[in-house]
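Take a look at the structure set out below.
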Amino acid sequence: MPGGHRSRGPAGIGALVLAGVLAACAPAQPAQEVSGTGSPSADLDRFYGQELEWGDCAGHATTDTEAALMGLAPGIECARMEVPLDYGDPEGEQASVAVSRVPARGESMGPLLFNPGGPGGSGVVGAALTFAGLAESEITERFDVVGFDPRGVGATVPAVDCYTDEEADAGVVALGSQGTTVEFTEEDTRAIMERCAEGSGGVGVLPHLGTRDTARDMDVLRSVLGEEKLTYLGQSYGTRLGTLYAEQFPDRVRAMVLDGAKNPLEGTFESRVNAYAGFQAAFDELAASCAEEADCPLGTDPAQATARFQEIVRPLRDEPVPALDAELDFDGAVGGVVAGLYNTQSHPRIVEGIAEVAQGRGDTLMQLVYDFGLRGPDGRWPNSLEANHAINCMDEDRLTPEQGGELREATYEQAPFMDPGVDVSAGARDGCEHWPAEPGVGFPYAQDVEGLPATLVVSITGDPTTPHEGGIRLAETLGGALLTVEGTGHGIVGLGTNECVDRATAAYLIDLDVPDEGATCTL
Numbered sequence: 005m006p007g008g009h010r011s012r013g014p015a016g017i018g019a020l021v022l023a024g025v026l027a028a029c030a031p032a033q034p035a036q037e038v039s040g041t042g043s044p045s046a047d048l049d050r051f052y053g054q055e056l057e058w059g060d061c062a063g064h065a066t067t068d069t070e071a072a073l074m075g076l077a078p079g080i081e082c083a084r085m086e087v088p089l090d091y092g093d094p095e096g097e098q099a100s101v102a103v104s105r106v107p108a109r110g111e112s113m114g115p116l117l118f119n120p121g122g123p124g125g126s127g128v129v130g131a132a133l134t135f136a137g138l139a140e141s142e143i144t145e146r147f148d149v150v151g152f153d154p155r156g157v158g159a160t161v162p163a164v165d166c167y168t169d170e171e172a173d174a175g176v177v178a179l180g181s182q183g184t185t186v187e188f189t190e191e192d193t194r195a196i197m198e199r200c201a202e203g204s205g206g207v208g209v210l211p212h213l214g215t216r217d218t219a220r221d222m223d224v225l226r227s228v229l230g231e232e233k234l235t236y237l238g239q240s241y242g243t244r245l246g247t248l249y250a251e252q253f254p255d256r257v258r259a260m261v262l263d264g265a266k267n268p269l270e271g272t273f274e275s276r277v278n279a280y281a282g283f284q285a286a287f288d289e290l291a292a293s294c295a296e297e298a299d300c301p302l303g304t305d306p307a308q309a310t311a312r313f314q315e316i317v318r319p320l321r322d323e324p325v326p327a328l329d330a331e332l333d334f335d336g337a338v339g340g341v342v343a344g345l346y347n348t349q350s351h352p353r354i355v356e357g358i359a360e361v362a363q364g365r366g367d368t369l370m371q372l373v374y375d376f377g378l379r380g381p382d383g384r385w386p387n388s389l390e391a392n393h394a395i396n397c398m399d400e401d402r403l404t405p406e407q408g409g410e411l412r413e414a415t416y417e418q419a420p421f422m423d424p425g426v427d428v429s430a431g432a433r434d435g436c437e438h439w440p441a442e443p444g445v446g447f448p449y450a451q452d453v454e455g456l457p458a459t460l461v462v463s464i465t466g467d468p469t470t471p472h473e474g475g476i477r478l479a480e481t482l483g484g485a486l487l488t489v490e491g492t493g494h495g496i497v498g499l500g501t502n503e504c505v506d507r508a509t510a511a512y513l514i515d516l517d518v519p520d521e522g523a524t525c526t527l
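Shown next, in the form of structure tokens:
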């Protein structure tokens, strides 16, 4: 692919936090009859009425790392569900959706459908992780945890494929410019689309990878699982997926937990700038903690930490340092830090990595990138970054080159630790500018939804990528309850690490009891 280099920074990594879980087959309790449920049209009856054939999960993990993670959930089994590639043409080409489930540990009251975020995160894998995280929770006692790989993701067919593992490791492919120093030409962005189309089943596939189509797949899955109404847990991007499902099928929702909420009122520009501001706040918190140690590589004055970080990483633009079996450049270093900022438990690794770069090596920061992207020891990557790009192309506002430059400038203003120290706004073209269809989410979305039961939004006050303000706004938009969690982190429900959050979430999912107004938990 001409021009640029592959970004390992936040534009490439996105928001793919896997903190989730899944579930298995148990007879669902009879549900009350609901108007509007079932197939929306006779043309779709064969999809809504299909029966899944559950069996082992061979072929549902795309890497050895994913297979190992799925092994954390005892009794996990998998199936495939057929859906139309184009809902406007049900008789045309089909997609095959990979589905997994982990059985409830006790008497099941039905499936809990789960999405771990991204976009691009594997729900098949995420379900296993969530089940493991909630191994002692009432949630896994009472629900089968069910996950699926959304359109374009993982083991679902067609899956997005824009570059090889070897190209990923060599750093020769870039998909996005935002949040990085990659400089694109129009030829570059056209080549991105052509490469993705070539590897993903053709140009005709690319327009059908957006979240609105995936929400329709969720409704087929609801029916196929034998449920009149959906019980759902979505994290990060999964909150957008759940919200768009609620917008399209409000009378088919039983319960919906939205954890680490995307703000439905924000357009792409504002959303991304606010996310980077969140990363700066998380970086500042890291720096303040580090400053208490005499050997902190960022120094003992938190006010100077950003400047010190810039001194360490800006030279990597011209002179990358050895890192594992590759090299770490500026975008890679920033990407490693951002990957670690999602979880405060990774802060010691970030500090260690920054100290290493100051000494001329980048192993730890590179490993943070590898771990976040689930790259295996064998060098195999899941397709989460490629799927992230393709789904965002069908969801997010399409930016002009001028807007791309303005976004990059605003990013560095809000997150100066990411600032390369040079003007690279001229090459900040939208990697989706030649995508063969216009985006379909539309901002704001889910406005004035009628007939939706009470939902539960869980939002951490110090969330580094989906700011707490977004959780407040989503709860208001849907007319649901808000559980505020004091602390820092991104996603909490599926981790099973906070008794307060687990108790409130279980009471809602099992008994439909929503927390009182102003309810809070503390990390």
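In terms of our numbering, the sequence shown is residues 5 to 527. Beta carbons: idealized from backbone N, C-alpha and C, even for Gly. Computed from a predicted structure; not experimentally measured.
Element boundaries [beta strand (DSSP E), containing residue i]
{"i": "residue 304", "result": "Note, residue 304: premise wrong, no beta strand (DSSP E); not H, not E."}
{"i": "residue 464", "result": "460-466"}
{"i": "residue 389", "result": "Per DSSP, residue 389 belongs to no beta strand (DSSP E); it is in the alpha helix (DSSP H), 388-399."}
{"i": "residue 524", "result": "524-526"}
Check: residue i C-beta below 6 angstroms from any heavy atom of the ligand FAD
{"i": "residue 141", "result": "This structure does not include the ligand FAD; it has no bound ligands of any sort."}
Anticipated Cβ contact below 8 angstroms, residue i with residue j, distance rounded
{"i": "residue 281", "j": "residue 252", "result": "That belief does not hold up - the Cβ atoms of residue 281 and residue 252 are roughly 31 angstroms apart, past 8 angstroms."}
{"i": "residue 424", "j": "residue 185", "result": "5 angstroms"}
{"i": "residue 99", "j": "residue 160", "result": "7 angstroms"}
{"i": "residue 346", "j": "residue 469", "result": "7 angstroms"}
{"i": "residue 245", "j": "residue 215", "result": "6 angstroms"}
{"i": "residue 308", "j": "residue 419", "result": "Between residue 419 and residue 308 the Cβ distance is about 17 angstroms, and since that is not below 8 angstroms, they are no contact."}
{"i": "residue 48", "j": "residue 94", "result": "6 angstroms"}
{"i": "residue 478", "j": "residue 310", "result": "Rounded, the Cβ-Cβ distance is 31 angstroms, inconsistent with contact."}
{"i": "residue 128", "j": "residue 82", "result": "7 angstroms"}
{"i": "residue 461", "j": "residue 237", "result": "That belief does not hold up - the Cβ atoms of residue 461 and residue 237 are roughly 12 angstroms apart, past 8 angstroms."}
Start-to-end residues for the alpha helix (DSSP H) that takes in residue i
{"i": "residue 405", "result": "405-418"}
{"i": "residue 334", "result": "334-345"}
{"i": "residue 298", "result": "Run containing residue 298: none; DSSP gives neither H nor E here."}
{"i": "residue 505", "result": "503-515"}
{"i": "residue 352", "result": "351-362"}
{"i": "residue 194", "result": "190-203"}
{"i": "residue 172", "result": "169-174"}
{"i": "residue 49", "result": "49-52"}
{"i": "residue 135", "result": "127-137"}
{"i": "residue 2", "result": "Here the chain covers residues 5 to 527 and nothing more, so residue 2 does not appear."}
According to DSSP, residues forming a beta bridge with residue i
{"i": "residue 119", "result": "238"}
{"i": "residue 152", "result": "103"}
{"i": "residue 487", "result": "462"}
{"i": "residue 85", "result": "101"}
{"i": "residue 330", "result": "327"}
{"i": "residue 262", "result": "238 and 461"}
{"i": "residue 163", "result": "156"}
Rounded separation between residue i and residue j - CA only
{"i": "residue 416", "j": "residue 321", "result": "16 angstroms"}
{"i": "residue 356", "j": "residue 329", "result": "19 angstroms"}
{"i": "residue 476", "j": "residue 275", "result": "14 angstroms"}
{"i": "residue 491", "j": "residue 421", "result": "22 angstroms"}
{"i": "residue 572", "j": "residue 464", "result": "No statement about residue 572 is possible, as the shown extent of the chain runs from 5 to 527 and does not include it."}
{"i": "residue 348", "j": "residue 92", "result": "45 angstroms"}
{"i": "residue 377", "j": "residue 125", "result": "10 angstroms"}
{"i": "residue 55", "j": "residue 229", "result": "8 angstroms"}
{"i": "residue 277", "j": "residue 437", "result": "20 angstroms"}
{"i": "residue 295", "j": "residue 370", "result": "23 angstroms"}
{"i": "residue 392", "j": "residue 400", "result": "11 angstroms"}
{"i": "residue 70", "j": "residue 398", "result": "26 angstroms"}
{"i": "residue 35", "j": "residue 217", "result": "Residue placement at residue 35 cannot be trusted, given a pLDDT of 27 that sits under 50; what the coordinates show is reported in the next sentence. Approximately 26 angstroms, taken between the alpha carbons."}
{"i": "residue 157", "j": "residue 164", "result": "7 angstroms"}
{"i": "residue 191", "j": "residue 342", "result": "29 angstroms"}
{"i": "residue 388", "j": "residue 66", "result": "11 angstroms"}
{"i": "residue 120", "j": "residue 131", "result": "8 angstroms"}
{"i": "residue 153", "j": "residue 445", "result": "19 angstroms"}
{"i": "residue 137", "j": "residue 149", "result": "12 angstroms"}
{"i": "residue 507", "j": "residue 235", "result": "17 angstroms"}
{"i": "residue 340", "j": "residue 358", "result": "10 angstroms"}
{"i": "residue 29", "j": "residue 106", "result": "Caution is warranted here: a pLDDT of 28 is assigned to residue 29, below 50, making its placement in the model unreliable, and the coordinate value is therefore given only provisionally. Rounded to whole angstroms, residue 29 to residue 106 spans 7 angstroms at the Cα level."}
{"i": "residue 319", "j": "residue 334", "result": "8 angstroms"}
{"i": "residue 375", "j": "residue 361", "result": "18 angstroms"}
Cut-off 6 angstroms between Cβ atoms - residues of its own chain near residue i, not counting five sequence neighbours on either side
{"i": "residue 223", "result": "253"}
{"i": "residue 448", "result": "268 and 269"}
{"i": "residue 172", "result": "385"}
Min CB distance residue i to chain D below 7 angstroms
{"i": "residue 328", "result": "Checking the listed chains, one finds no chain D in this structure; it contains a single protein chain."}
Cβ neighbours of residue i in the same chain (closer than 7 angstroms, five flanking residues each side left out)
{"i": "residue 344", "result": "350, 351, 353, 354 and 372"}
{"i": "residue 96", "result": "88, 89 and 90"}
{"i": "residue 207", "result": "201 and 440"}
Same chain, Cβ closer than 8 angstroms to residue i, neighbours up to 5 away in sequence not counted
{"i": "residue 33", "result": "Any reading at residue 33 needs caution, since the residue's pLDDT is 26, under 50, leaving its predicted position unreliable; the model's value is listed next. Excluding residues within five positions, the ones whose Cβ falls inside 8 angstroms are 113 and 114."}
{"i": "residue 272", "result": "400, 401, 403 and 447"}
{"i": "residue 524", "result": "487, 488, 489 and 490"}
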